[in-house]
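Working notes for the structure below.
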Amino acid sequence: MRYAETGFNLEIDLTRGSIDRVATDPRDTELYLGGLGTNAKILWDRVPPETDPFSPDNLLIFSAGLLCGTPATGCNRTIVSTISPQTRLMAFSMMGGFWAPELKYAGYDKVILRGKSPNLVYLWINNDKVELRDASHLKGKGAVETAELLRKELEEPKAQVAAIGLAGENRVYFASIEQGRSSASRQGIGAVMGDKGVKAIVVRGTKDINVAEPAEFMALCNEVLKYIKLRNENPIPGVMPILAGLGSPQEMKVHDEKWHTENFMWGNSRVRRKDFWNDEIARQWADTLDTMRTRLISCYNCPMTCGATISPPGQPTYMMKCFSKLTYTMAAFSDLEFGLGIAQSATEYGVDGFSTPQVMAFALELYENGILTDDDFPGMPSDNEGRFYWLLDRIVRREGIGDVLANGTYWAAKQIGKGAEAYAHNNIKKHEQLPLKLSMLNPIYFLMYSTGEKINITQIEGQFPQAPFFTMEEREDFVKDWFQVPDDKFKQIVMEWEPRGEKSMPFFPTVQMCCDIVDWQERMHYIDDALGMCAGLSSFPLKPPYHIHNYPKFISAGAGIDMDEDKLTQAARRYRTLVRANNIRRGMRRKDDAPPQNHWKKRFPELEKELLDTYYKFKGWNEQGIPTKESLHELGLDYVAEDFEKRGIYSETEDNPSSEILPEEKNN
Amino acid sequence: MAEKKKKIVKTIKVDVDKCNGCRACEVACSAFHATPKYSGNNPARSRIRVIREPLRDIYIPVYAGEYAPAECMGRDKYVIDGKEYEECAFCRASCPSRDIFKEPDSKLPLKCDMCQDDPTLEKPLCVQWCLADALTYEEREEEVEEEAKLEDVEIGLESMIDKYGWEKIMDTVSRMSASKKG
């Protein structure tokens with residue numbers, strides 16, 4: 061009997077319309093755990109590096125995490141993996157909500173889509189009954205609207221729906237997959253879903269999920285709940301309010317946006333407004349949020365209520381969480397009322413809340429600087445807010461300039477030319493980043509921005525403080541109950557880290573310390589993404605309920621796999637390396653591991669080189685960031701080394717350029 | 019023969035305004051009632067179900083109550099503070115008209131037993147696991163006329179007897195036990 065996992069994947073061939081239920085190898089669970097880990101293995105095995113993202117041979121994998129559907133609080137994430145049309149690398153994007161547990165209850169760990177459907181379809185998974193159904197009546201409909209329609213027409217009010225909107229159907233490179241309050245947003249996975257002709261996947265499951273050691277597992281869950289209560293009652297002193305608690309950043313609860321609005325960038329990640337926040341704005345924005353926010357809501361089996369139902373006056377109700385609250389507002393130099401209003405359209409269209417606002421602001425910057433002209437914007441209104449709505453409408457339909465912008469700032473800039481590339485200044489690996497431009501190099505963040513394969517800082521940072529504490533007292537107070545650390549050396553670093561002087565940034569934490577810190581933070585995210593755990597209770601906040609010490613117990617008691625801290629660390633290392641291997645094979649090299657040039661005003665090229673050199677060695681990679689034969693052997697990934705050998709990747713003497721293929725024509 | 023007895027009446031007070039729709043109660047309940055205890059979970063087997071429609075801001079936790087052999091001929095819909103609640107929203111019955119409060123495989127009815135256990139729990143699992151404080155457990159003493167309490171097995175059999183009749187059930191049980199002895 062399989063514990064925690066179901067032991068079955070759904071293999072859907074969209075070209076032929078065939079559906080298979082395939083048993084999985086429990087040995088893969090031991091080695092790669094599940095979720096992102098096993099997704100990486102499947103992509104390595106089945107998607108050769110020459111595969112174009114819009115090829116029928118690209119796979120689109122929806123995976124429930126290993127522990128989804130068990131009573132573990134907050135374990136409800138779906139990990140979507142494919143090849144990104146924007147970055148041309150392995151993409152993985154996660155969504156919380158209710159979909160993954162429902163898939164497990166239906167009896168499946170993953171849904172693997174291959175091929176392309178000749179007509180628009182939706183997949184209906186109802187326990188043992190799985191069907192591909194005609195979705196022509198849903199063409200062009202919003203993602204939220206589609207979910208409601210499908211629940212109604214199937215007469216299944218408890219079914220969970222993951223759907224694309226118009227943006228996904230039109231293969232916008234930052235199209236998302238929407239699911240209730242949750243969204244798998246980044247790296248254009250929605251475009252792949254649209255390319256494959258799948259409008260939605262509907263799931264309903266009424267079977268059991270079993271755990272190996274029932275009493276032990278429940279005891280672990282109860283401990284987590286107890287600690288959550290404790291942390292909720294004891295926010296961490298001496299840090300930003302938004303970082304003091306658990307959960308995703310509680311943007312739906314917090315009214316005080318001084319930190320975000322004065323430290324993050326406005327426009328096309330362009331302008332810092334240090335004196336923006338004042339009492340008048342505070343009052344106005346609090347009023348807006350209180351009026352529009354109907355209820356604080358949670359994901360499956362989680363108490364944190366990070367999300368909210370939002371009802372902008374005169375617009376349909378939708379749901380949101382986290383930083384999308386401000387990204388549109390700030391890109392448009394507008395207010396919260398505008399931001400929450402346009403986010404409703406964005407959610408129905410199904411677009412990513414980090415990239416989209418920047419793409420639109422980018423377009424207007426090009427217009428203001430004469431690189432794009434009136435001819436490119438026929439009929440665009442003259443008022444600021446109106447322009448953003450107009451641009452959004454054009455982008456999701458790929459109309460006119462919208463067709464260029466729909467590929468994201470990197471590809472759009474290339475296509476437009478005339479110096480546009482200078483305006484696409486906030487990308488890593490062709491993918492838009494959080495709008496943040498700071499002053500002093502942060503060596504920890506340098507490594508995370510450079511090497512994070514998720515290409516999003518929020519999904520590699522977390523458990524280590526973002527800045528030093530000012531007083532010894534604060535530091536002692538912080539470390540005294542910091543049991544989540546894998547090793548006491550992290551406490552020592554916090555004790556020594558100063559805001560000024562010798563032991564301050566960029567030279568402290570030291571290069572070696574930075575390697576340890578980044579490795580730990582990244583490892584926790586990778587474990588979360590295999591188990592299906594929400595980072596909000598684990599890898600993202602300070603002092604979380606899930607950590608390296610109790611995770612092995614959860615896996616043992618839940619999945620029945622013999623697991624300890626070392627084995628877990630090794631497993632996470634294994635599939636993290638496999639993700640990298642997928643990208644190396646697709647042409648990624650050291651030169652791609654770089655933050656945006658202007659990310660910090662004060663750069664330190666020598667230190668940065670030392671950081672990357674040391675970190676690469678630390679991870680078991682050569683100077684090009686390619687995992688060495690030795691480190692691959694140590695992880696049991698000899699098959700990767702063999703493949704690299706065959707492809708001549710180890711015998712390169714110069715940089716291989718990353719794929720510079722232009723986007724495919726839409727009508728192929 | 020009915021006699022006056024002091025009994026404890028157990029209530030779970032549901033504050034629908036506080037419910038955030040997480041359904042942890044469904045997980046905890048179904049896990050507690052799994053055999054062996056906690057060996058599995060399945061919201062479809064939960065004795066508490068949350069009617070959840072986030073876009074209309076409807077969140078109603080409902081507890082499984084009596085088994086009803088037939089559906090209501092006439093049904094009611096409530097409009098409360100401008101929100102229209104679907105018919106059967108507040109009903110606790112295990113009823114032929116819907117799937118909830120039944121085992122998904124056998125279709126046998128489910129009924130909330132306040133997590134009866136030995137030793138007695140301080141409060142039912144759903145209340146323990148609801149950190150939103152939408153569920154509050156209350157006990158009070160009452161003098162009532164004592165009635166025989168049905169166990170899970172009896173509830174199941176009662177419904178089958180209702181459906182198939184005494185004779186058929188007795189025959190089937192005899193036949194099955196005879197073939198097992200062979």
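Protein chains in written order, with our numbering: chain A, 61 to 728; chain B, 19 to 200.
Ideal Cβ placement from N, Cα and C applies to all residues, glycine included.
For residue i, the nearest candidate out of the options (CA to CA)
i	options	result
Cys281 (chain A)	A:Ser153, A:Cys362, A:Phe422, A:Asn486	A:Cys362
Asp112 (chain A)	A:Gly94, A:Ile79, A:Arg148, A:Thr387	A:Arg148
Arg649 (chain A)	A:Tyr676, A:Tyr388, A:Arg583, A:Arg636	A:Tyr676
Thr206 (chain A)	A:Val181, A:Asn186, A:Asn187	A:Val181
Gly439 (chain A)	A:Phe422, A:Glu459, A:Ile288	A:Glu459
Gly468 (chain A)	A:Ala166, A:Phe234, A:Val263	A:Phe234
Cys575 (chain A)	A:Met508, A:Pro441, A:Phe543, A:Ile72	A:Met508
Asn270 (chain A)	A:Ile553, A:Trp542, A:Gly129	A:Gly129
Gly157 (chain A)	A:Arg137, A:Asn338, A:Gly167, A:Ile143	A:Arg137
Leu498 (chain A)	A:Gln657, A:Thr348, A:Lys613	A:Gln657
Glu191 (chain A)	A:Met155, A:Gly225, A:Val258	A:Val258
Val232 (chain A)	A:Ile455, A:Leu303, A:Met364	A:Ile455
Ile587 (chain A)	A:Val299, A:Gly265, A:Glu90, A:Met555	A:Glu90
Asp85 (chain A)	A:Gly97, A:Leu96, A:Phe68	A:Phe68
Ala124 (chain A)	A:Trp104, A:Glu162, A:Asp652, A:Gln684	A:Glu162
Interface flag, residue i vs chain B, CB-CB below 8 Å
i	result
Cys594 (chain A)	no
Leu127 (chain A)	no
Ile721 (chain A)	Note that Ile721 (chain A) scores a pLDDT of 37, beneath 50, so its modelled location is shaky and nothing firm can be said.
Arg76 (chain A)	no
Leu597 (chain A)	no
Glu725 (chain A)	With a pLDDT of 41 at Glu725 (chain A), under the threshold of 50, the modelled position of this residue cannot be trusted; read the value that follows with caution. So, not an interface residue.
Phe68 (chain A)	no
Asn728 (chain A)	Below a pLDDT of 50, predicted positions are generally treated as unreliable, and Asn728 (chain A), at 36, falls in that range; the measurement from the model is reported next regardless. Output row for Asn728 (chain A): interface = no.
Phe277 (chain A)	yes
Pro363 (chain A)	yes
Tyr360 (chain A)	yes
Neighbour flag for residue i against chain A, beta carbons, 8 Å
i	result
Ala72 (chain B)	First, the amino acid is wrong: residue 72 (chain B) is Pro here, not Ala. Chain A contact via Cβ: present.
Val27 (chain B)	no
Trp184 (chain B)	no
Arg110 (chain B)	no
Lys55 (chain B)	yes
Val191 (chain B)	no
Pro114 (chain B)	no
Asp131 (chain B)	no
Pro137 (chain B)	no
Gly100 (chain B)	no
Leu126 (chain B)	no
Gly58 (chain B)	yes
Element boundaries [beta strand (DSSP E), containing residue i]
i	result
Tyr103 (chain B)	101-103
Gln9 (chain A)	Because chain A here runs from 61 to 728, residue 9 (chain A) falls outside it and cannot be looked at.
Ser242 (chain A)	242-244
Asn186 (chain A)	181-186
Ile504 (chain A)	Careful: Ile504 (chain A) lies outside any beta strand (DSSP E), inside the alpha helix (DSSP H) at 503-511.
Whole-angstrom distance between residue j and residue i, CA atom to CA atom
i	j	result
Glu724 (chain A)	Phe114 (chain A)	Bear in mind that the predicted position of Glu724 (chain A) carries a pLDDT of just 46, short of 50, making it too unreliable to give a figure here.
Trp147 (chain B)	Lys289 (chain A)	11 Å
Met278 (chain A)	Asp626 (chain A)	24 Å
Gly307 (chain A)	Gly512 (chain A)	22 Å
Arg646 (chain A)	Asp255 (chain A)	21 Å
Gly430 (chain A)	Met325 (chain A)	23 Å
Leu119 (chain A)	Val107 (chain A)	7 Å
Thr190 (chain B)	Leu175 (chain B)	12 Å
Tyr699 (chain A)	Ile709 (chain A)	14 Å
Pro503 (chain A)	Arg640 (chain A)	21 Å
Ile357 (chain A)	Ala152 (chain B)	13 Å
Gln239 (chain A)	Asn179 (chain A)	22 Å
Ser245 (chain A)	Ala631 (chain A)	27 Å
Enclosing alpha helix (DSSP H) for residue i [first to last residue]
i	result
Gln581 (chain A)	571-591
So does the segment 78-86 of chain B actually touch the segment 123-132 of chain B, counting three or more Cβ pairs closer than 8 Å?
The segment 78-86 of chain B makes contact with the segment 123-132 of chain B; the number of CB pairs closer than 8 Å reaches 3 or more.
Take every Cβ of the segment 422-430 of chain A, pair it with every Cβ of the segment 393-401 of chain A, and state whether three or more of those distances are shorter than 8 Å.
Segment contact: the segment 422-430 of chain A against the segment 393-401 of chain A, fewer than three CB-CB distances shorter than 8 Å; contact not assigned.
Select from the segment 24-53 of chain B all residues with a C-beta closer than 8 Å to any C-beta belonging to chain D, and list them in chain order.
Included in the structure are the protein chains A and B, with no chain D among them.
Check whether the segment 328-336 of chain A and the segment 23-40 of chain B touch, using three or more Cβ-Cβ pairs below 8 Å as the test.
No, because fewer than three Cβ pairs between the segment 328-336 of chain A and the segment 23-40 of chain B fall closer than 8 Å, the two stretches do not touch.
Answer yes if the segment 156-174 of chain A comes into contact with the segment 71-80 of chain A, meaning at least three C-beta pairs across the two stretches below 8 Å, and no otherwise.
Segments in contact, yes.
Should the segment 223-231 of chain A be regarded as contacting the segment 193-203 of chain A, the criterion being three or more beta carbon pairs within less than 8 Å?
They touch, by the three-pair rule.
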